[in-house]
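Worksheet: one structure, shown below.
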Amino acid sequence: KEEFEVHYHSSHPRREKRRGYDEITKLTSCFQREFVRHVETTLARSLYNCDELAAYSGTALAFRDRLIIEWNKTQQRQTFTDQKRVYYLSLEFLMGRALDNAMLNVGMKDVARDGLADLGFRVEDAISQEHDAALGNGGLGRLAACFLDSMATLNYPAWGYGLRYRYGIFKQEIVNGYQMEIPDYWLDNNPWEFPRHDITVDIQFYGHVNKYQDEHGKTCHSWEAGETVQAVAYDVPIPGYRTKTTNNLRLWSSKASSGEFDFQKFNAGDYESAVADQQTAETISAVLYPNDNLERGKELRLKQQYFWCAASLYDIVRRFKKTNRAWSEFPDQIAIQLNDTHPTLAIVELQRILIDVEGLEWDEAWRIVTGTFGYTNHTVLPEALEKWSVPLMQNLLPRHLQIIYDINLFFLQSVEKRFPKDRDMLSRVSIIEESHPKMVRMAHIAIIGSHKVNGVAELHSDLIKTTIFKDFVEIYGPDRFTNVTNGITPRRWLHQANPALSALIAEKLGGYDFLTDLTLLDKLEAFVDDQEFRKKWSDIKANNKLRLARLIKDVTGYSVNPQSLFDVQVKRIHEYKRQQLNIFGVIHRYLKLKAMSAEERKKVVPRVSIFGGKAAPGYWMAKSIIYLINSVAAVVNKDEEIGDLLKVIFIEDYNVSKAEIICPASDISEHISTAGTEASGTSNMKFVLNGGLIIGTCDGANIEITREIGEQNIFLFGNLAEDVEELRHRHFYGGFTLDPQLKRVFDSIKSGTFGDASSFASLIASIEEHGDYYLVSDDFNSYVETHEMVDKEFQNREEWLAKSITSVARMGFFSMDRVTNEYADSIWNVEPLNVKDDA
Ligand code: GL4
Numbered sequence: 075k076e077e078f079e080v081h082y083h084s085s086h087p088r089r090e091k092r093r094g095y096d097e098i099t100k101l102t103s104c105f106q107r108e109f110v111r112h113v114e115t116t117l118a119r120s121l122y123n124c125d126e127l128a129a130y131s132g133t134a135l136a137f138r139d140r141l142i143i144e145w146n147k148t149q150q151r152q153t154f155t156d157q158k159r160v161y162y163l164s165l166e167f168l169m170g171r172a173l174d175n176a177m178l179n180v181g182m183k184d185v186a187r188d189g190l191a192d193l194g195f196r197v198e199d200a201i202s203q204e205h206d207a208a209l210g211n212g213g214l215g216r217l218a219a220c221f222l223d224s225m226a227t228l229n230y231p232a233w234g235y236g237l238r239y240r241y242g243i244f245k246q247e248i249v250n251g252y253q254m255e256i257p258d259y260w261l262d263n264n265p266w267e268f269p270r271h272d273i274t275v276d277i278q279f280y281g282h283v284n285k286y287q288d289e290h291g292k293t294c295h296s297w298e299a300g301e302t303v304q305a306v307a308y309d310v311p312i313p314g315y316r317t318k319t320t321n322n323l324r325l326w327s328s329k330a331s332s333g334e335f336d337f338q339k340f341n342a343g344d345y346e347s348a349v350a351d352q353q354t355a356e357t358i359s360a361v362l363y364p365n366d367n368l369e370r371g372k373e374l375r376l377k378q379q380y381f382w383c384a385a386s387l388y389d390i391v392r393r394f395k396k397t398n399r400a401w402s403e404f405p406d407q408i409a410i411q412l413n414d415t416h417p418t419l420a421i422v423e424l425q426r427i428l429i430d431v432e433g434l435e436w437d438e439a440w441r442i443v444t445g446t447f448g449y450t451n452h453t454v455l456p457e458a459l460e461k462w463s464v465p466l467m468q469n470l471l472p473r474h475l476q477i478i479y480d481i482n483l484f485f486l487q488s489v490e491k492r493f494p495k496d497r498d499m500l501s502r503v504s505i506i507e508e509s510h511p512k513m514v515r516m517a518h519i520a521i522i523g524s525h526k527v528n529g530v531a532e533l534h535s536d537l538i539k540t541t542i543f544k545d546f547v548e549i550y551g552p553d554r555f556t557n558v559t560n561g562i563t564p565r566r567w568l569h570q571a572n573p574a575l576s577a578l579i580a581e582k583l584g585g586y587d588f589l590t591d592l593t594l595l596d597k598l599e600a601f602v603d604d605q606e607f608r609k610k611w612s613d614i615k616a617n618n619k620l621r622l623a624r625l626i627k628d629v630t631g632y633s634v635n636p637q638s639l640f641d642v643q644v645k646r647i648h649e650y651k652r653q654q655l656n657i658f659g660v661i662h663r664y665l666k667l668k669a670m671s672a673e674e675r676k677k678v679v680p681r682v683s684i685f686g687g688k689a690a691p692g693y694w695m696a697k698s699i700i701y702l703i704n705s706v707a708a709v710v711n712k713d714e715e716i717g718d719l720l721k722v723i724f725i726e727d728y729n730v731s732k733a734e735i736i737c738p739a740s741d742i743s744e745h746i747s748t749a750g751t752e753a754s755g756t757s758n759m760k761f762v763l764n765g766g767l768i769i770g771t772c773d774g775a776n777i778e779i780t781r782e783i784g785e786q787n788i789f790l791f792g793n794l795a796e797d798v799e800e801l802r803h804r805h806f807y808g809g810f811t812l813d814p815q816l817k818r819v820f821d822s823i824k825s826g827t828f829g830d831a832s833s834f835a836s837l838i839a840s841i842e843e844h845g846d847y848y849l850v851s852d853d854f855n856s857y858v859e860t861h862e863m864v865d866k867e868f869q870n871r872e873e874w875l876a877k878s879i880t881s882v883a884r885m886g887f888f889s890m891d892r893v894t895n896e897y898a899d900s901i902w903n904v905e906p907l908n909v910k911d912d913a
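Heads up: the sequence shown begins at 75 in UniProt numbering, then just goes up one per residue.
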């Protein structure tokens, strides 16, 4: 028995395809034994009373055991080799489901499938029981999750640090066409986390700062806090693909500190307020703020940020101190990446630890800080740039505010030297905005406190250098700023989401090596004209569309014809992403269809317009876009005259696991943000990697996708980023007329075709009356014309197929592994660990 278990726990993932029959049988029976043991003991159920949920849990627990053994070995290996480590600080990790990913990454999905089948379960049913880990809003959080997968796969010694929210992003329900938010309590029966009750950090808030002289007459500061909250670590194992490396994601949970104070209250009979304190403490990690590309300046959010930064840094510093190295070696041992400005306080906290706690001189400490941090900017939208009011910060983090003022002072002095008498420059780059109240500009701290700042696609990185951070380029020179274009992990977004396509590619390329070297996909181009290959390719797409059609039927009740052109836009609902442009385009199409004769209609390509995405709960405009989509759907979908020629679908509660079904099933997907607003976008990459074509603006990563796959393989439309300012100007100072086709769309909405027109009034007014900030009218004609081209080209199925295959073949650049290696080389200066097969 023992022999089996050792074998099961340590069989190397790489061997999956080379396993002989005997080995597979052994592994299968071993998996079954682990499964049964967990069902019968951990879950306390009899096998005869084992439903699909228990089948999921039993399987997950069996895999978890395996992961945690590798997790431990990985940590030992990383400690032993003592190489530089990466810490990725992100307030969001949009992980999705873990079981399928774990099975595929360790190469044991077939084993689990056979083992479960034998016991009467389908592995797919077990997988679909899992609740998504949805600790993120959208692209930024999903990018962090892709990072973790890649860093483990490439054997980088890397940890993620985040918050263990009790409630992840809300669940979206559509009730009478409106979005409703339901809390997402996801922690019950979550087998993937390991509470570390022994790893805790006391985090302080409020209070005041004492100034004193030490024995050498040096002025020192100590922070006497008014409130202490405890951070408890929860670890989530992150398995790499085809490697034994299993990295760690450490999430902090808040809890009342078991200080004397509470105890006294308790003993004094003040039970209620003792419990209330506990509740207050737990509030810190209770909920993920549900905004994407928007900051609201709430105190609790700042508390979250500090709580998480302070706990993570304490942990990092504690680990460093165990090595007994000199402080000056800190940046040679540690790279910390800031995922947007949310963790900027980590810069201030490290400076505080070094000067107040460890007694370093300011300059030496600051050299260490700037050598350690890198900052990634993910947006240029002004409403998303974080600012905190000075009085708020003064109250919550008094010592940090002092340090921020000092950082600012030294920084401004150096700027003043280089640009004497340039008062405007000083006020533009100052960390403090001189408004009422004064505000702390977090991006400025992040830039000043890091050695590298990067954007996430070429256009975006250029834009930050020429607009929001222009002055800093003058001050620091262009070398502090760099670009690392985003990517996606092909493990989840091809192999897991689209197993049939992955298998077909493996068949042609002679194995699955492309999953760890995505540039190998280029070999597919040789098969573009291979008839048999084309047939299989197109059958796979057809099957994926069937799978999506079933999901649509399940969640909306609508039946769609899977032969139709599937046109998909799934992402957060935001005016800048322009779902309103899409739905106005759909209305335009509907009006055209209605005006056609029966003969004309015969020539029309049937289309299903599929939408999905959440609106921030307080974002009214986004919510009315959702309501408009559903109102249009209600009219169009029951119009018998139109039938299958047009269907409009809103898939509620779009999330990672739904994306895995949706991405492989699109014919065309929409990435249609106003040029210059979408920093990168990453779903564009997911769709193309799965053989869908895209319609998009010259924005974010669309531009680089075009460069890689070729202009003939993408439908670009609309105005360019460089023209946006001028166009916006024109809306206000004359020279603007509403696009006539868009006007007809508005007329039909106003006449009540889609229900009470007043519900959509503000949506229309923002375009007709308030300057059309997102240039919907300016791009409308180009958009509908381009869709006509899409219809035309879709009819030539052979051409379409060739485009699909060619595009996939050219997507190698967008692997997250390329991204991770670029960060490692140009920002972190970190090497991967050499992990041997039998290490
Ligand atoms: C985002 C950008 O909006 C998105 O374009 C980008 O792909 C993503 C990851 O870099 O980051 N920024 C914010 S804020 N939310 C995002 O999704």
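By construction, the Cβ of each residue, glycine as well, lies at the ideal position given by its N, Cα and C atoms.
Which word fits residue i, buried or exposed, when buried means at least 16 other C-beta atoms lie within 10 angstroms of its C-beta?
| i | result |
| --- | --- |
| His271 | exposed |
| Leu794 | exposed |
| Trp440 | buried |
| Val431 | exposed |
| Asn618 | buried |
| Glu298 | exposed |
From the DSSP output, in three-state form, read off residue i for me.
| i | result |
| --- | --- |
| Glu435 | coil |
| Tyr315 | coil |
| Arg392 | helix |
| Pro231 | coil |
| Arg240 | coil |
| His271 | strand |
| Glu79 | Confidence at Glu79 is low in this model, with a pLDDT of 49, below 50, so the placement of that residue is unreliable and no value is reported for it. |
| Thr415 | coil |
| Asn284 | strand |
| Thr138 | Before going on, a small fix: residue 138 reads as Arg here, not Thr. Looking at Arg138 - three-state DSSP - the assignment turns out to be helix. |
| Gln643 | strand |
| Thr450 | strand |
| Asp309 | strand |
| Asn321 | strand |
| Glu714 | coil |
Confirm the yes/no value for this check: CB of residue i, any heavy atom of the ligand GL4, distance under 7 Å.
| i | result |
| --- | --- |
| Glu752 | yes |
| Gly686 | no |
| Ala458 | yes |
| Gly236 | no |
| Asn179 | no |
| Thr397 | no |
| Asp223 | no |
| Val730 | no |
| Gly770 | no |
| Val642 | no |
| His745 | no |
Under 8 Å by Cβ, that's how I've got residue i and residue j pegged, so tell me the actual separation to the nearest angstrom.
| i | j | result |
| --- | --- | --- |
| Ser889 | Leu598 | Ser889 to Leu598, Cβ: 15 Å. No contact. |
| Arg681 | Leu720 | 6 Å |
| Ile243 | Asp258 | 6 Å |
| Gly792 | Ser840 | At roughly 18 Å, the Cβ-Cβ gap does not stay under 8 Å, so Gly792 and Ser840 are not in contact. |
| Gln653 | Gln643 | 6 Å |
Confirm the yes/no value for this check: CB of residue i, any heavy atom of the ligand PLP, distance under 7 Å.
| i | result |
| --- | --- |
| Asp366 | Questions concerning the ligand PLP fall outside what the structure shown contains, since the ligands it does hold are the ligand GL4. |
Next on the checklist: Contact between the stretch 250 to 263 and the stretch 699 to 708 is defined here as three or more beta-carbon pairs at a separation below 8 Å; is this criterion met?
Outcome noted: yes
Checklist entry - Are the stretch 146 to 164 and the stretch 897 to 905 in contact at 8 Å, needing three or more beta carbon pairs? => result yes
Checklist entry - How do the stretch 834 to 847 and the stretch 780 to 795 stand: do at least 3 beta-carbon pairs fall below 8 Å, yes or no? => result no
Checklist entry - Touching or not, the stretch 208 to 223 and the stretch 166 to 182, by the rule of three or more beta carbon pairs under 8 Å? => result yes
Checklist entry - Do the stretch 454 to 467 and the stretch 525 to 545 meet, that is, are 3 or more Cβ pairs less than 8 Å apart? => result yes
Next on the checklist: So, does the stretch 318 to 332 touch the stretch 230 to 238, judging by three or more C-beta pairs under 8 Å?
Outcome noted: yes
Checklist entry - On the three-pair Cβ rule with 8 Å, is the stretch 623 to 639 touching the stretch 607 to 614? => result no
Item to check | contact_flag[the stretch 873 to 890, the stretch 196 to 205] where n(CB pairs < 8 Å) is 3 or more | outcome: no
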